[in-house]
Structure formats: C-alpha cells, structure tokens
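First comes the structure, then the notes that go with it.
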Ligand SMILES: Cc1cc2nc3c(=O)[nH]c(=O)nc-3n(C[C@H](O)[C@H](O)[C@H](O)COP(=O)(O)OP(=O)(O)OC[C@H]3O[C@@H](n4cnc5c(N)ncnc54)[C@H](O)[C@@H]3O)c2cc1C
Ligand SMILES: Cc1cc2nc3c(=O)[nH]c(=O)nc-3n(C[C@H](O)[C@H](O)[C@H](O)COP(=O)(O)OP(=O)(O)OC[C@H]3O[C@@H](n4cnc5c(N)ncnc54)[C@H](O)[C@@H]3O)c2cc1C
Ligand SMILES: Cc1cc2nc3c(=O)[nH]c(=O)nc-3n(C[C@H](O)[C@H](O)[C@H](O)COP(=O)(O)O)c2cc1C
Ligand SMILES: Cc1cc2nc3c(=O)[nH]c(=O)nc-3n(C[C@H](O)[C@H](O)[C@H](O)COP(=O)(O)O)c2cc1C
Ligand code: FES
Ligand code: FES
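Chains as they are written, first to last, in our numbering: chain A, 623 to 934; chain B, 623 to 934; chain C, 232 to 487; chain D, 232 to 487.
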C-alpha cells in the first residue's frame, strides 16, 4: 500500500510515462515479459499492482504441457539460461487466470503458441485478453516457437491467421536466432501485426564440467538477462528503422538506464523478464528512474523514442 | 623466463595437453583468437612465448584498411562490444609480421577476409603461414565476413577456392548470427575445410543514454566475452554432433573451466579473445588449470572431448 | 549460480522408503531452507535440509528413486541453500510434523535447543514402520507420536495428538508435513495462526522467483523465494489446503 | 566501463592551436595517465591529463578540431583514467618536454613539488607563439625554454638546452613530446636510460589491451595498458624512434 501510494505521487508530479504502444494505451512503458511469473492470475495481478504498465501471460497452447525435466534454469555469468519447455495448463483452463489478472487494472496480454497457423488461430479465438502476443521465438521447444518463427513466410501466415480471428491487437514476438531479424519483422508487419516484440532468448547451453552433463534437462535452452541486452538493443534498432509498426524491446532490461537505452533504440515500450529475480519492486524502480531522467533532461518519452537513429 | 620455466615443469609432470586439431599438432589446445593482439608479429610471438598453443593473426585483406572510427570498443556487462572494422596493413605487408610470429615456436594461423571466393583465393596463395582461418563471420564490416558467411553456398565456394590454392590446413570461422550454424558448418566441410571455428561475435549495439548516440563509431558491433559463452558452447555442441571435421571453440573462454566446458561440448581446441584484457598470463593459467583438472580426474583430453554428447 | 558438485558422503536408511544423504560442501543452511537436488540425467527437485549437511528423502517418483540408486561416493548437483527458512521466536517452541516433513523440524529443533529454547514435538506417521527421527525429537524435549493405524503412539492423524499440548504456552509453533495435515492443524488452531510457521510444498521449477510455477493465490506469493516457510495467518487467506498447481500449472488437489 | 558523460566546465585558449578543457567528474588521474575522449559523432582519441581535471589539446585533425567546436556546457564521453602513469622516484627530478607534450609534465611537476621534490624543467616549442605552461614550469623550479626559431629562450631543438643540466644530479628524468624529440634526448643520454621515463605515443584503438593496435616491437609491449609511460632503457631496445604503426597497422615514420 505504501509502495502504491508513493508510485502514485511520483506519477502526478513527474513527466507522464503513459504511452500508446501497439494498439494499447499504457500508463507506463514497463511490461512484465512472457513466461515470467505468468503462470497464475494472482502473480500477474501482483505485477500490475506493483507498477507494471501491462502484463504478459505464460505462453499458452492447446493442451496442458508439463514442460521439460529439470534443471529448467541455470544461472550463468550475467544471465540466465532456461528451458522450461512451455509448461502451461492449456489456454482453456487459463482463462480464469486472465480474468484474475485483469483485476490489476492494466492490459493483460495473452502469449500463445502453436505448431501451425490454424492452431494459433484456434487459440486466439478462444481467449479473452486485451492483446495477443504470438510466441514465434522460443528456442527450445520442438515444433513450436523459433522452429516456425525462423521462416518469414510462416511468420506472416501465423500472424495473418490470428489477425483474421482476433478482435484485439496482435503482437508478434521474434527470435534473434536468425541472420536477419528485420525480414521476420517485415513478415509480421505484412501479416497485419500491431507490434513486434524483440527479443526472445538466444539459443544456448551450459555443461557441468564435473560430470560432462548438459545442465538443462533439455540440454539446450535460451539465454536471457544482461548478457543479451546488446543483442536486443541492436535488434530493436534495426526493427524500428525498418518497420512502421511499434517495436517492444525486451532482453536484459533490469534498470531504468536499460529501459532508456531500449527506447532510444526505437522501442515504444519494454518488457522485463530475468530482472524479476530481484522481485516485483523492479517496475517501480524503473518507472521512477525514467521519470527522474526525463525530468532532469526536460524531455518526454516521445522525445527519446528512436533518438539514436536521429543521432547517427 | 620464470613463467616459461614453470610452464615447462608443469607440462613434464602433468597430463599431456598436446592435441591434433584441424590438421595442426598443438602442444596445448589454447589458441590466441583472431584480431586479438594480432596486429604485430611481436605480440603474436609474445603470446606464443607465454603459453599459447597456436596464434591467429588479425584478419588480413587485399588492401590496407584503417578500420572504423572510434569508439571501436565498449565494455558492457560481462563482455565487450567491438567494431574495429578489420583494420590491417594488407596481407602483403603483413608477411613480415608472420615471420616474426613464427619465432614463437607454435603454429601461426593467418586469418583472412575477402569479398569473393576469388579474393580469398588470391590472398591465400600470397601468404606463408601454418594454416589459414577464413573470416566468414565478422558482423560489422560491409561486404565482408558474415555478409558472405551467412549463406551456405558462399561458405562452400569460398572454402573450396581457398582449398584449391592453399598447401596448409584451412579453418573456417563461422557466424552465430544465423538460424542454423550447422548448415554453415556442413557447407565448410563440403568445401574441404579442415576445421570450423565457432563462434565469431554476436551482432550487437550499445547506446549512450546521455546523448542518444550509438557508442560505437560504426553503430553496430560484435559482442564477445563471458556474455556469449553459453551461445558458443551450444554452437560447438551442435557442430561437433553433426560434422566429421574438427571444431575449434571460441567465445567467452577466460578460465580453465570455460575451456573444459568447450572441450566437453566437442571442441578439439579453444581460442581466447576478450579474456586477453587480463594479460598474456591467461594462457598459462588455463593450461595449468586444465592439467590439474585432468590429473585430479585421471583423464586425458581425449576422454573429455565431446563428453556431453555421450551424457545426454 | 550453477549447480555445485557434491559427493554423497554417507547414505542412511531411515525406513525402506526414506533415506538420509549426507552431502559434501560447506552449505550452511538455516532450518527450513531447501536445496535443488540435481540427479544428473534425470531431474532436479527441491529437498529441505534435515541437518546442517543432510537431506532426508522419501522415494515417491522418478527423481527420488534415481537418487536412491546413488551411494556414498556418487555425486549430485546442488543449487542452494535457497528460500526463507524458519525464524526462531521466543524460548518455548512446538514442532508439529508429519512423515518426511519431520525432517526439517528435527534440524530446527536441534538448533532451537542449542539456542536455549524448550522444544516439544508432535510427530505423526502412517504406521510404526514409517517412523523416522523419533529419538532426535525425544532428545529435544517432550515428544508425542501418532500413527494412522495405531501401531505406535496415539492412534489417528497428527491432530489426534493436538490435545496433548496447550498452544497458548508456546512462543511459536512450526509445521511441516503433507498439506492436508498442515491444513487440518491450522484450521483447528486458527486463533494461534499468527505464531504458526509452516513450510509449504509447491511445484518448484526455477527456484529463483521468475518462472511463476510456485505462485500461490490470491497474493502471488512466490513460495520458492518468499517461502517455503510462510506464516499460517497468510496461508489461511490463500489457496493453501484447497488446491495447488502441478507441473503444467493446472490446479489440482493438495493431497500428498 | 562505458564512456561516462562529462560536461566541459571551462575552455582556456593556450595558443591558437592549443586549448585546455576542464572536465566534470571525479577522475582522479595520476600524472601520465590518459583518457579516451569521445567526441560524439566523430571519433574517440587518447589525451593525457594536464592536471587533475584537465586535458590540453592540440588541434591536428578531425577529432581534435571537432573538440575545439565544443565550449563550456557541451559534453563529451570519457573512458579513463587509463594506463600506467609516471612514477615519482627520488627528490630531485628533471622534466623534459616538447610542444603539447609538456602538458602531462606540468601536472607531474606540480604533484612532485607538492610531494617535496625539487623540480627543474627543459621545455621546447616551435616558436614563441607556441609556448604553453611557461609560468607553470617556472613556478616549480628552474625552467629552461627553447624555440626552434629562437624567438624565445635558447634557439634550437629541445636538446639544445640539455647542456644546461647535469643529468647525474637528478634522481629521475621525465620525457614527453614528439617521438623524434624524445628519441633525440634518449640517444644523447643513453647512460641515464634506466632513470628516464618517457610517455610514448602509439595508435590507440581499444585502450584496454586486446586489439593490438598499440603494440611495440620487439616485445609486443601494449602501450595502452603497459604504457603509455615506459622506461627509456626498454625503449632503446625497441622500434621507438625508428617507426610506428598507424591506423591500419602499417609501419610508418614516427614524425609528429
Ligand atoms: C520446499 C520443498 C521441500 C521439500 N522437502 C522434501 C524433503 O525434505 N524430503 C522429501 O522427500 N521431499 C521433499 N519435498 C518433495 C519433493 O520435492 C518431491 O517429493 C520430489 O520432487 C518428487 O520428485 P520425483 O521425481 O521423485 O517424483 P515425481 O514422480 O516427479 O512426482 C511425485 C510428486 O512429487 C511432487 N513433485 C515433483 N517434482 C516436484 C518439484 N520440482 N517441486 C515440488 N514438488 C514436486 C509432485 O507433487 C508430484 O506429483 C519438498 C518439496 C518442496 C517444495
Ligand atoms: C597516450 C597518448 C596521450 C596523448 N596526449 C595528448 C595530449 O595531451 N594532447 C594532444 O593534443 N594530443 C595527445 N595525444 C595525441 C592525440 O591522441 C592525437 O593528436 C589525436 O588522436 C588526433 O586525432 P584527430 O582526429 O584530431 O587527428 P587525425 O587527423 O585523425 O590524426 C592525426 C594524427 O594523430 C594521431 N592519431 C590519430 N588518432 C589517434 C589515436 N587514436 N591514437 C593515437 N594517435 C592518434 C596519428 O598520428 C594521426 O596521424 C596523445 C596520444 C597518446 C597515444
Ligand atoms: C524462465 C523464463 C521463461 C520464459 N518463458 C517464455 C514464454 O513462455 N514465452 C515467451 O515468449 N518468452 C518466454 N521467455 C522469454 C522472455 O519473455 C524474454 O523474451 C527473455 O527472457 C529476454 O528478456 P530478459 O532478458 O528480460 O529476461 C522466458 C524467459 C525466462 C527467463
Ligand atoms: C577487439 C576484437 C577484435 C576482433 N577481431 C577479429 C578479426 O579480425 N577476425 C575475426 O575472425 N574475429 C575477430 N574477433 C572475434 C574473436 O576472434 C572471437 O571470435 C570473439 O571475440 C569471441 O571470443 P571471445 O569471447 O574469447 O572474445 C575480434 C574480437 C575482438 C574483441
Ligand atoms: S519456482 Fe519459479 S518462481 Fe518459484
Ligand atoms: S590500443 Fe588496443 S591493445 Fe592497445
């Protein structure tokens, strides 16, 4: 309650952080990323209450999945490797969690995955959420995610299939495991996406040198956290330079400085994943830092958005 | 001199670290990476004298290049971003440096780059070195590196052109900025490569939030260091599982534990780049650590090479 | 932190289904903290500490059974100690445990005793053959035993032994065991909920507070980092005792 | 470390071609250390400190000229302080500098004086209009000035003033200036090489010891991290005074 009050007072005296991003109006540009504390409506609502501008659910599929065997995460230098394996109770069972999450008062974005445009479309029409985020980028689940998302034509087809059924904005989450993320972004745009989200994790691996075993139960996983931020910033910059639709920046955002860097690279909003290991307070910290920065510089968010492209 | 003597005594009582890798016999598997202290014969010779098993030169092209404007490097969390821009005095002028480097008593590998199979071939036939490493992977130089190296057919053609002219082993350095590094590795193998080297840097960027300027003079650069190690380990593992030729592991190796991890992933040898910021002593430290590890486990290098694939 | 390698120093059979593993390494856990145990090639599962360097494991499935294949000299990977353990409050404490849930309580009791507190215990098991750590609890102070089938101690669930104790007299009460057993105790002793600490069991995956697998309704408590020890008054307002989520995140029963 | 932002506090014209910039920030450099100065949108170049919070810049090309466009209130990016600076040895030191190379020596002299050492100087410039920091050196102790054209002080190169000093009497000698000037001095005073410290100028790119751009033959000394201050006896056995590598790594003259 104290936290809420103090956030409130900051918002009223400081520069506004509200943004319009990818078809959504957000009170601030700091969003909870997909798969992070997104398994329950309660944790999503808590993230909203602690200051998130929007929240994204765990990626939801057609049928319940238990995910990969453990270890499902490894902490590495400056980052996290994970191979959860898209555990989820199915989109049908998850609707009740979304309804709870909505009590948080900010947009709830449902992340969904499937193995074909049809499956994506089916899930999209079966969910009530404020927006949809298409996971075309998870690097460690067979038949899903980046296995489709690496092909521009599939990205376009999946986006198109969802757009045809959805009555809410559609965001497409892209993989950085490609030679040219702009091709994928353009495909999403052609398919009718309202925004692209970049980046999902980098395909990676860690080995236990005492035993020789790959540490993750799934052997391969995705790298996230500060380690990937320079890659994410580059992807956001490239996408923002080439696309007309909004770009949502994700990858290694843990402090307000990181959020500012992403926005300067061209992001309309950012998402926070791995940094949630520091607790729910991260939203308040980033928003407060951004506000103070904008105040110090006498700027607003729109001024710094995409600034780097104008500086080079 | 003290350092040399102590290394010597370690080598005589400890498990042998000698390896055969990609057509070269190495007294140990720890190689100086391309572009790292590789601009002068003197620094290459010094790396050899301080314990490197082989040394790779700065990438050499047809004509002198001054490289990109500064800043050419940025230190980021757990890594380094660089956009040197392939500065080099041309392969012709560099031969004298190679001759000096050879006095170090270990194989000197010339890294070369060009914009076509013909240009690669020409440079290859004009250099006297113990092996050639084809830079098909630099992510931040127009017309060179990854701009060719992302296409399997070009990788095969360049490798073939060099093999047709070279009388020494040919290594092909691959880019991780791709959806499938194995495709590139197979192309190098078809072209006749003796080894692949993985990975070059990840395309990345950093922005100065005080001014909005991209920090690197070239805006984009390549990420290296501990941040990329999990990506490098994954690439090495994938390549070693699919190729018949040797894989040389590079990316974030800074301690003996990292070298052991790379070797378990399937590397025949490793290269050290960014960790050279700690000084030339890194070679001795890694080799000593590997020796002690093998001794403690009563294993030799061959036992741990590719161990992970047998453990999963 | 990557999993650290730990060579199993000793394996002790407590019952046919329960074994205690003494681990290598300077782990220094607080009672109530847990460790993620990686049985290589199989899975990684959470285990509470049953002593400064031991875990006590009930073989119930794939990972725990695979662990039972490992003897002294074998090694496992460990991430931990993790989470918030029990907090010692006051100088007269009561431990209430069921089954393998008695393990962290025995550890806690020993530390509490060493710190000068009076320690009484109420411990329950299915049958006399399932009893573990009886002498550890008896060494601490008064210890009351229950078995479901009456083959030892008081016949009945753990709650059957509750009347032996006057909760008013204790500065703090510590609970660990099957969820329905803990729920049973807490519902019967609601008026003391603000001095009852319970170690809860949720499906842990990341164990570092990011994946959401262990979150509890309605506050989104992350049991892996904010727990596993949680005050009973908070639990009374939660899903605890009604449902819990499994590996897929589906709500299921909290039996077991 | 990313470049830190530094607002220029003050700009002082020393000559038409040389300006001193006072920088923001708690840089705390040692004399002889340098900083990589990022003129945004242009380039990043090495500059020695001419005081605890100043650099003194000779406009010679793109980056330095762009820097001259910036006034107080403008900001630049800084990486540093970097490298090994001068080490104060003994209590009677001689500074020998040429052109803008006098800048780090003035800084060193002031610290040496504050530490109680006697400080004499020999400083040379092209012409009377190019003289900088004369009063700083004169305030330290004996200061002998030379100009190439004789328009002030002794006529001739810096070495023309050497006979004014007996090097035997100094505990340490410090050198900074154009390479051929330093080479000239070192060759004439070989017998004292073990007590001469010189700040060398090589092409710096990374400034953290990885790129190899600044390496010197025949030992592969990385001037950016092992220097820029190097003992003259080591320089006597090196490429110093004979050639140095430019931006492309090609060997070229060491004029300038
Ligand atoms: C904080 C905490 C402390 C625990 N301490 C102990 C202990 O000291 N001794 C002990 O024997 N057991 C303890 N457990 C329970 C133990 O983790 C499970 O028995 C074990 O995970 C079963 O794994 P399995 O592969 O053998 O069985 P499975 O066949 O995989 O599963 C059997 C049941 O175990 C539970 N389970 C499986 N995996 C997990 C998981 N990752 N997280 C939580 N529950 C899981 C589920 O309820 C599942 O239905 C603790 C659990 C938690 C959360
Ligand atoms: C350790 C060190 C300390 C220095 N201290 C000072 C100082 O206090 N004051 C001062 O005026 N100058 C100093 N210099 C020289 C200064 O760095 C160059 O004058 C400057 O880089 C020129 O840049 P430019 O773009 O203006 O000129 P350009 O036109 O780019 O180059 C002119 C000449 O400057 C030199 N140069 C250019 N870039 C570099 C570089 N990155 N590293 C080294 N040399 C370069 C080359 O010889 C080049 O031919 C120092 C150099 C070094 C290495
Ligand atoms: C534990 C974990 C689970 C994740 N699950 C999902 C997911 O279900 N769907 C998805 O699109 N991205 C998922 N991601 C990726 C994140 O949403 C995010 O793109 C990535 O972690 C980079 O951001 P970060 O560096 O802030 O973590 C997951 C990441 C982590 C660490
Ligand atoms: C400053 C710098 C310069 C580099 N120059 C080259 C180069 O010329 N050719 C090349 O193939 N790779 C070059 N690389 C890439 C390295 O050889 C290596 O592949 C990469 O840095 C990953 O290894 P690391 O993490 O050990 O640095 C360079 C890397 C750095 C940091
Ligand atoms: S187990 Fe992942 S948040 Fe608790
Ligand atoms: S400037 Fe790069 S090593 Fe010295």
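Each residue gets a CB set at the ideal place from its N, CA and C atoms; glycine is no exception.
Note that the structure is predicted; figures quoted are calculated from it, not measured.
When the Cα atoms are used, what is the spatial distance from residue i to residue j?
i, j, result
"residue 435 of chain D", "residue 268 of chain D", "12 angstroms"
"residue 449 of chain C", "residue 457 of chain C", "14 angstroms"
"residue 623 of chain A", "residue 723 of chain A", "The predicted position of residue 623 of chain A is uncertain, since its pLDDT is 37 and thus under 50; no value can be drawn from it."
"residue 630 of chain A", "residue 657 of chain A", "Any answer about residue 630 of chain A is weak, because its pLDDT of 46 lies below 50 and its placement is not dependable; what the coordinates show is given next. So the two alpha carbons sit approximately 27 angstroms from each other."
"residue 696 of chain B", "residue 414 of chain D", "34 angstroms"
"residue 732 of chain B", "residue 659 of chain B", "13 angstroms"
"residue 640 of chain A", "residue 906 of chain A", "14 angstroms"
"residue 850 of chain B", "residue 661 of chain B", "24 angstroms"
"residue 490 of chain C", "residue 265 of chain C", "Within the shown structure, residues of chain C are numbered from 232 to 487, placing residue 490 of chain C beyond reach of any answer."
"residue 468 of chain D", "residue 402 of chain D", "22 angstroms"
"residue 626 of chain B", "residue 876 of chain B", "In this prediction, residue 626 of chain B scores a pLDDT of 44, lower than 50, which makes its location untrustworthy; the coordinate-derived value is nonetheless stated afterwards. Taking the straight line joining both Cα atoms gives about 20 angstroms."
"residue 790 of chain A", "residue 669 of chain B", "60 angstroms"
"residue 392 of chain C", "residue 736 of chain A", "53 angstroms"
"residue 649 of chain B", "residue 290 of chain C", "49 angstroms"
"residue 254 of chain D", "residue 288 of chain D", "13 angstroms"
"residue 363 of chain C", "residue 718 of chain A", "42 angstroms"
"residue 689 of chain A", "residue 843 of chain A", "12 angstroms"
"residue 682 of chain B", "residue 734 of chain B", "5 angstroms"
"residue 638 of chain A", "residue 911 of chain A", "13 angstroms"
"residue 399 of chain D", "residue 324 of chain D", "11 angstroms"
"residue 667 of chain B", "residue 915 of chain B", "28 angstroms"
Taking 8 angstroms as the threshold (C-beta atoms), are residue j and residue i in contact?
i, j, result
"residue 417 of chain D", "residue 466 of chain D", "yes"
"residue 341 of chain D", "residue 371 of chain D", "yes"
"residue 359 of chain D", "residue 378 of chain D", "yes"
"residue 743 of chain A", "residue 784 of chain A", "yes"
"residue 807 of chain A", "residue 846 of chain A", "no"
"residue 853 of chain B", "residue 826 of chain A", "yes"
"residue 673 of chain B", "residue 909 of chain B", "yes"
"residue 870 of chain B", "residue 904 of chain B", "no"
"residue 862 of chain B", "residue 882 of chain B", "no"
"residue 767 of chain B", "residue 796 of chain B", "no"
"residue 896 of chain A", "residue 701 of chain A", "yes"
Between residue i and residue j, which are expected to be in contact by the criterion C-beta below 8 angstroms, what is the C-beta distance as a whole number of angstroms?
i, j, result
"residue 753 of chain A", "residue 654 of chain A", "Their Cβ separation, rounded to whole angstroms, is 13 angstroms, which puts residue 753 of chain A and residue 654 of chain A out of contact at 8 angstroms."
"residue 409 of chain C", "residue 430 of chain C", "About 11 angstroms; that fails the 8 angstroms criterion."
"residue 381 of chain D", "residue 680 of chain B", "Rounded, the Cβ-Cβ distance is 46 angstroms, inconsistent with contact."
Check: Between the region 673-689 of chain B and chain D, which residues of the former have a C-beta closer than 8 angstroms to a C-beta of the latter?
Finding: Within the region 673-689 of chain B, contact with chain D at the beta-carbon level (separation under 8 angstroms) is assigned to 680, 686, 687, 688, 689.
Next item on the list: Spell out a yes or no on whether the region 471-484 of chain D and the region 298-312 of chain D are touching, meaning 3 or more CB-CB pairs, one atom from each, closer than 8 angstroms.
Entry: The region 471-484 of chain D is not in contact with the region 298-312 of chain D.
Next item on the list: Indicate whether the contact test is met: 3 or more Cβ pairs, each with one atom in the region 913-924 of chain B and one in the region 265-284 of chain C, closer than 8 angstroms.
Entry: No, the region 913-924 of chain B does not touch the region 265-284 of chain C.
Margin query: Check whether the region 697-711 of chain B and the region 752-765 of chain B are in contact - that is, three or more C-beta pairs closer than 8 angstroms.
Written below: Segments in contact, yes.
Next item on the list: Could you run through the region 832-854 of chain A and flag, in chain order, every residue whose CB is less than 7 angstroms away from some CB of chain C?
Entry: From the region 832-854 of chain A, only 832, 833, 835, 837, 839 have a Cβ closer than 7 angstroms to chain C.
Note to self: Along the region 249-279 of chain C, where does the CB come closer than 8 angstroms to a CB of chain A? Name the residues.
What the structure shows: Flagged, chain order: 267, 269, 271, 272, 273, 274, 275, 276.
Item checked: Residues within the region 288-316 of chain D neighbouring chain B, beta-carbon criterion of under 9 angstroms -> For the region 288-316 of chain D, the residues whose beta carbon sits under 9 angstroms from a beta carbon of chain B are, in order, 293, 294, 306, 308, 310.
Next item on the list: For the region 898-917 of chain A and the region 796-812 of chain B, state whether three or more C-beta atom pairs, one from each stretch, are separated by less than 8 angstroms.
Entry: Touching, no.
Margin query: Could you check whether the region 835-845 of chain A touches the region 812-821 of chain A, counting it as contact only if at least three pairs of C-beta atoms, one from each stretch, sit closer than 8 angstroms?
Written below: Short answer: they don't touch.
Item checked: Residues of the region 698-727 of chain A whose Cβ lies closer than 9 angstroms to any Cβ of chain B, in chain order -> So the list reads 698, 699, 700, 701, 703, given in the order they occur along the chain.
Notebook entry, point to check: Can you list, in chain order, the residues of the region 791-811 of chain A whose Cβ is nearer than 7 angstroms to any Cβ on chain B?
Noted result: Residues are counted here when their Cβ sits less than 7 angstroms from a Cβ of chain B; for the region 791-811 of chain A these are 799, 800, 801, given in chain order.
Check: Listed from N- to C-terminal order along the chain, which residues in the region 416-442 of chain D have their beta-carbon within a distance smaller than 8 angstroms of any beta-carbon of chain B?
Finding: Those would be 436, 437, 438, 439, 440, 441, 442, in chain order.
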